[in-house]
Amino acid sequence: MRKPRRGSYWTSRGYLLRFLLPSMIVLFVIVIVPMVFLWYVSLTNYDLGKGWDQRHFAGLSNFLMLFKGEDRDFWPAVLTTLIFLACTVTLEFIIGLAVAMLFNRTIAGKAVWMAFLIIPLTITPAVIGLMWKLMYNTEYGVLNFLLNFINLKINWLGPRSALLSIIMVDVWQWTPFVALMLYAGLQAISTEPYESAVVDGASSLQIFRFITLPLLRPMIVVAVLLRSIDALRIFDTVYVLTKGGPGNITELLSLHIYRVGFEHTGWIGRSSAVAIVLLIMATIITTIFMRVVNITRPAAIANRIEENTSGFGSAA
Amino acid sequence: MASEARHRRRIRFLKRVGLYAGLVVVVVGFAFPFYWMLTTSIKTRIETINPAKWIFSPTLENLVFVFTKRNFLMYLKNSLLTVASTTLLSLVLALPAAYAFARFRFKGKENLAFTVLSLRMLPAMCVVLPYFLLGRFIGILDTSLILIIVYMSFNIPFAIWMLRGFIEDIPIEIEEAAWLDGCTLTRSLFKLIIPLIGPGVAATAIFIVIQSWNEFALALFLTSFQARTLPTMSTMFLSVTGIVWGEMASVGVLTTLPVLVFSLIIQKYMIRGLTFGAIKG
Amino acid sequence: MRRPTRLLFILVVLSLVVGGQSLFAAGYGADVEKWLAYVRANYGGTTVTFAATRHPAIDAMQAMTDEFTQLTGITVKYDIIEEGYLRNKLLIEAQGHTGTYDVLLLDSFSLAEYAPANVAADLKPFLDNASLTPAWYGYNDIVTAYRKGIGMYSNVVYGVPVAGETRYVGYRTDLFQKYGKQPPKTMDDLLTLAKFFKGKEKDLYGIAMRAQKGIHFASGWMTTMYQNGGQFLDQKTWKVLVNSPGTVYSLEYYIDLLNQGPPDISVYTHEEAESAFALGKTAMWFDSTALTPWILDTTKSLVADKVGFVPPPRGRAGAYGALAGWDVGLSPDAKKKSQEAGWAFIVWMTSQIKAKDYVKQGGTPVRTSVYSDPELVKQNWTFPIQLESLGRAANLVNDGILWLAPHPKFLKVIEVAGNYGSQVLAGQLQAKQAMDLAQGEVEKIMSE
Chain R
128 MRKPRRGSYW TSRGYLLRFL LPSMIVLFVI VIVPMVFLWY VSLTNYDLGK
178 GWDQRHFAGL SNFLMLFKGE DRDFWPAVLT TLIFLACTVT LEFIIGLAVA
228 MLFNRTIAGK AVWMAFLIIP LTITPAVIGL MWKLMYNTEY GVLNFLLNFI
278 NLKINWLGPR SALLSIIMVD VWQWTPFVAL MLYAGLQAIS TEPYESAVVD
328 GASSLQIFRF ITLPLLRPMI VVAVLLRSID ALRIFDTVYV LTKGGPGNIT
378 ELLSLHIYRV GFEHTGWIGR SSAVAIVLLI MATIITTIFM RVVNITRPAA
428 IANRIEENTS GFGSAA
Chain C
935 MASEARHRRR IRFLKRVGLY AGLVVVVVGF AFPFYWMLTT SIKTRIETIN
985 PAKWIFSPTL ENLVFVFTKR NFLMYLKNSL LTVASTTLLS LVLALPAAYA
1035 FARFRFKGKE NLAFTVLSLR MLPAMCVVLP YFLLGRFIGI LDTSLILIIV
1085 YMSFNIPFAI WMLRGFIEDI PIEIEEAAWL DGCTLTRSLF KLIIPLIGPG
1135 VAATAIFIVI QSWNEFALAL FLTSFQARTL PTMSTMFLSV TGIVWGEMAS
1185 VGVLTTLPVL VFSLIIQKYM IRGLTFGAIK G
Chain L
7 MRRPTRLLFI LVVLSLVVGG QSLFAAGYGA DVEKWLAYVR ANYGGTTVTF
57 AATRHPAIDA MQAMTDEFTQ LTGITVKYDI IEEGYLRNKL LIEAQGHTGT
107 YDVLLLDSFS LAEYAPANVA ADLKPFLDNA SLTPAWYGYN DIVTAYRKGI
157 GMYSNVVYGV PVAGETRYVG YRTDLFQKYG KQPPKTMDDL LTLAKFFKGK
207 EKDLYGIAMR AQKGIHFASG WMTTMYQNGG QFLDQKTWKV LVNSPGTVYS
257 LEYYIDLLNQ GPPDISVYTH EEAESAFALG KTAMWFDSTA LTPWILDTTK
307 SLVADKVGFV PPPRGRAGAY GALAGWDVGL SPDAKKKSQE AGWAFIVWMT
357 SQIKAKDYVK QGGTPVRTSV YSDPELVKQN WTFPIQLESL GRAANLVNDG
407 ILWLAPHPKF LKVIEVAGNY GSQVLAGQLQ AKQAMDLAQG EVEKIMSE
């Protein structure tokens, strides 16, 4: 391959394809099947109990019934999912950042401390659900047992607290993820800007706002983005804890999809339609998020890349 | 003057105490449920549903039973094989793509990056049926291969985005300096970027391992005997008469251990702090 | 002198090894031996795959499998999956005609779904096959209610019952004695007693039952529904009766009853209900007879020695009881040889001669001979009460109603009803309102 001019690597077609194609092709092949299936089935009335040959084309009726309100639990599920998303991601970001900064110092036996932090991530989600269900039980759960000492008794999985309880479990499980990502980000920041800031007499808060946060930006964006997407597809843990109950208080869209398609009703067609709606919702949310992020993107980094990849053609 | 020095020392001491106190709070908060699970695995059923009993005589029969009667080692072997393979493949495929997204400029870059990510947005149950039918058609049901492939569908996008973030963190001056010295892109990728994002690769690896290790729905439906992985064992203890807590907690604990060990080992690479000052010098 | 002795020794060992099989089976009698030899000859060396859920019946079978393998040369591989997922897996495997599993554990609740989806094979040809199904098997010894009610659907035999259950009431003898109360005879008694005991002592509640959203709620509700005059579907005309006065009343009754239970009863499955009762948190419990062993086990329960049982109380519509259970069946997609070997396995495990072993290993009794066996009855004092409860289940059948309506859409119906019921419990809807909405949805389902 012709060796590109230095600096114009980043606009070279050849290199770009070499780098991108392998994974893109693999992904495309793996993912195209369920995607096509999903879109196709959402337009049929395929029923798990009846078999593939008995499906009929149903047009957009599956979608229409959702928007016309015939599925009474659909809109509540959308709302619940959005609330869940907002609460978990926000809490995980704040607590995660605090924990990451806590760890970003010299600590004796840091590896051991971090090992404890990683624990929630390593436990199988279904098992987590079962353990927390045991702990949350109002009569024989350990949480109420401890609260009993201060004369409190909370009905964790009752109508009023169930949503909060599942949010708590998710935050418990995934904050370490955010913390670790931000910690890795903090570790990769060089000490230079800090040194000059201290010399210039900046306060801790100023350092945090104007140096740490901007430099940590890429990691924050990735962490929040990934957590948002995962929060939309959470299933095992919530299913085991409440199955979407009491009533439909904790029925997230993913649970709704499962219930409609697999829980004795077998309406795969309708379930796929809800899945597509979830997909669209997720795409919209993340697109908005990325727009907001890019608008406020520090011009510095973007411009640098601009400068360096243009006008090199003229240099010898 | 001496009292001022002492005052400063005291403040520093208090700060240290505060730091370690904070660490303890964090650790207790995150580790308590695991501790609870650990003790549940060595209790009898009545002790499990009776939280007042904090002191009990431990019984190892659950752990022993799980090992011998429940074929634990086979599940372990399958999990190790599946997860190691999918992690390696995903990282290898994702790295160049992550670099491309981080550095290259091309039309529709953000759209493509996004589409790649959108593949992760669906709950697992949505894709069980199509993958099952496809696997049946090709004939790879109940093999580790199908799981490895299917897991890549969410591991690769994840790795691309994570690594992209880490690569973007590295100032482009470093690479430009290397090219000025006559280094090619590929070489700079291997000799410069990869070492610099070491902590990032380690973090990504840990998360991919964790996610693949704990994946449940697809493993349950796409395999039946040969390729069953550890997470599916948890359903063996959801008995119609009630949950066999002791065995379930044992499996839960045993499933967690390999991943914990792996994370501990990899952590060394994460904690190693790099300063660009050192490299430039 | 040495060589002849050594030869003799080798001969003895050899004959023991070779004849070991028959030596082992010597305790079984000639016809059994004949059948075993037939099976060994035709299916020895085959592997049978069995999809099941964790259940005492399966625990018992697993304990008996080693002997079976030794006698017949057939190996059995178990795949234990949680019941909800098992159902889905069986349906999905049937869609793909994979034949992954030979023997299946079938939930009576799901037979109505399995039948049209071809998940289970018709067992009549196997039952009629004289060489595979010997006379000593004793098919008719299995309690009729189970054989016809759980094992058959639409007059086709899909499974052999391995665990039958009805529902009955457990109560705390110590508490009842202390307050001078009698165990409930009618449904009104039950509700009054539950209200009485709630809060009577610290951390004491009236009753523990299932109420988790979906099928668990429906299952708990159905335990009390028919006696209270409720029904989801008219089983002769298939008219939808979801919002009929009887059904609405039965829902209101059930909600009232649940409100006398622990505060988070809305996420209770049978697991939490049994745990609550076994821990002494509730004065009563109304659930499956299959859970009795756990309540009476001192390592699993704090109330083992102070509990009594009575059959399901009589309601305004009659003295009715539940009928549900599990069967073993065969997959129609399995390869012929392993399918027949699977049948041999089923015959052995569910036969009359092995029934006592089965129960001793923890299996639930399904045979009349077992229920009346004096030795077993001595060990299980609840057997007569269970038999009486089964009698009430038979009442329902005699009045023309099956506890699980034999309609392919029945599961969808109870899922919807259970969903709405859960919303009433959570206070999101009133009972009549919820049932009117449910009526609409169910009518739509039935007409599709």
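Residue numbers (the numbering used here), protein chains in the order written: chain R, 128 to 443; chain C, 935 to 1215; chain L, 7 to 454. Ideal Cβ placement from N, Cα and C applies to all residues, glycine included.
Here the alpha carbon of serine 292 of chain R sits roughly 45 angstroms from the alpha carbon of glycine 406 of chain L. Interface flag for arginine 1004 of chain C against chain R is unset, since no Cβ pair is found closer than 7 angstroms.
Take the alpha-carbon of alanine 213 of chain R and the one of valine 254 of chain R: they are about 25 angstroms apart. At a cut-off of 7 angstroms between beta carbons, proline 338 of chain L makes no contact with chain R.
Of the candidates L/Pro371, L/Thr53 and L/Glu447, L/Pro371 places its Cα closest to the Cα of leucine 396 of chain L. DSSP, read as helix, strand or coil, puts lysine 83 of chain L in strand.
In the displayed model, proline 149 of chain R falls within a helix according to three-state DSSP. Annotation for lysine 312 of chain L: Arg178, Thr179 and Asp180 place their beta carbon closer than 7 angstroms to its own, counting only its chain and skipping 5 residues before and after. Contact annotation: the stretch 1180-1196 of chain C touches the stretch 1156-1170 of chain C, with at least three C-beta pairs closer than 8 angstroms. For chain L, the residues of the stretch 385-417 of chain R that bring a beta carbon within less than 9 angstroms of one of its beta carbons are Arg386, Phe389, Glu390, His391, Thr392, Gly393 and Trp394, in chain order.
Between glutamate 88 of chain L and leucine 1172 of chain C, the C-beta gap is smaller than 7 angstroms, which places the two residues in contact.
DSSP links glycine 1176 of chain C through a beta bridge to C/Ser1173. For the pair valine 163 of chain R and glutamine 101 of chain L, the Cα-to-Cα distance works out to about 19 angstroms. Short of 6 angstroms from the beta carbon of valine 226 of chain R, and not among the five residues preceding or following it, lie these beta carbons of its own chain, in chain order: Ala306. Each residue's CA atom was taken as its position, placing lysine 154 of chain L and proline 318 of chain L some 21 angstroms apart.
By the CB criterion at 7 angstroms, aspartate 297 of chain R and phenylalanine 1150 of chain C fall outside the cutoff. For glycine 285 of chain R, the C-beta contacts it makes with chain L under 7 angstroms involve Pro269, Asp270 and Ser272, in order along the chain. Non-local C-beta neighbours of isoleucine 395 of chain R in its own chain, meaning closer than 7 angstroms and more than five positions away in sequence, comprise Val168, Tyr173, Asp174, Leu175 and Gly388, ordered along the chain. In the structure shown, tyrosine 177 of chain L adopts extended strand secondary structure according to DSSP, grouped into three states. Within the same chain, Thr1020, Leu1023 and Ser1024 come within 7 angstroms of methionine 1086 of chain C by CB-CB distance, once the 5 residues on both sides are set aside. Chain order gives no chain R residues near alanine 126 of chain L, where near means a beta carbon separation below 9 angstroms; the closest approach is about 13 angstroms. Taken through DSSP and simplified to helix, strand or coil, valine 309 of chain L comes out as coil.
Scanning its chain for C-beta atoms nearer than 7 angstroms, with the 5 sequence neighbours on each side dropped, one finds no residue around alanine 136 of chain L.
Closest in alpha carbon position to leucine 957 of chain C, among R/Leu144, R/Arg354, R/Val153 and R/Lys237, is R/Lys237. Within the DSSP secondary-structure output, isoleucine 277 of chain R pairs in no beta bridge. Judged by DSSP secondary structure, valine 54 of chain L falls within the beta strand (DSSP E) whose first and last residues are 53-58. The beta carbons of tryptophan 409 of chain L and leucine 402 of chain L sit about 6 angstroms from each other, so the pair counts as a contact at 8 angstroms. In terms of beta-carbon proximity, glutamate 277 of chain L lines the interface with chain C, with at least one pair separated by less than 7 angstroms.
For serine 272 of chain L, the closest alpha carbon among the candidates R/Val326, R/Gly285, R/Ala311 and R/Ile356 is that of R/Gly285.
The C-beta of aspartate 297 of chain R comes no closer than 7 angstroms to any C-beta of chain C. Residue environment analysis places proline 303 of chain R among the buried positions, since at least 16 neighbouring C-beta atoms fall within 10 angstroms of its C-beta. Annotation: the continuous alpha helix (DSSP H) that includes tryptophan 349 of chain L extends over 342-356. Chain R has a Cβ within less than 7 angstroms of the Cβ of tyrosine 1033 of chain C.
Taking a 10 Å sphere around the C-beta of alanine 936 of chain C, we find fewer than 16 other C-beta atoms and assign the residue as exposed. Lys260, Tyr263, Asn264, Thr265, Glu266 and Tyr267: these are the residues of the stretch 252-267 of chain R whose beta carbon lies less than 8 angstroms from some beta carbon of chain L, given in chain order. Taken through DSSP and simplified to helix, strand or coil, arginine 940 of chain C comes out as helix.
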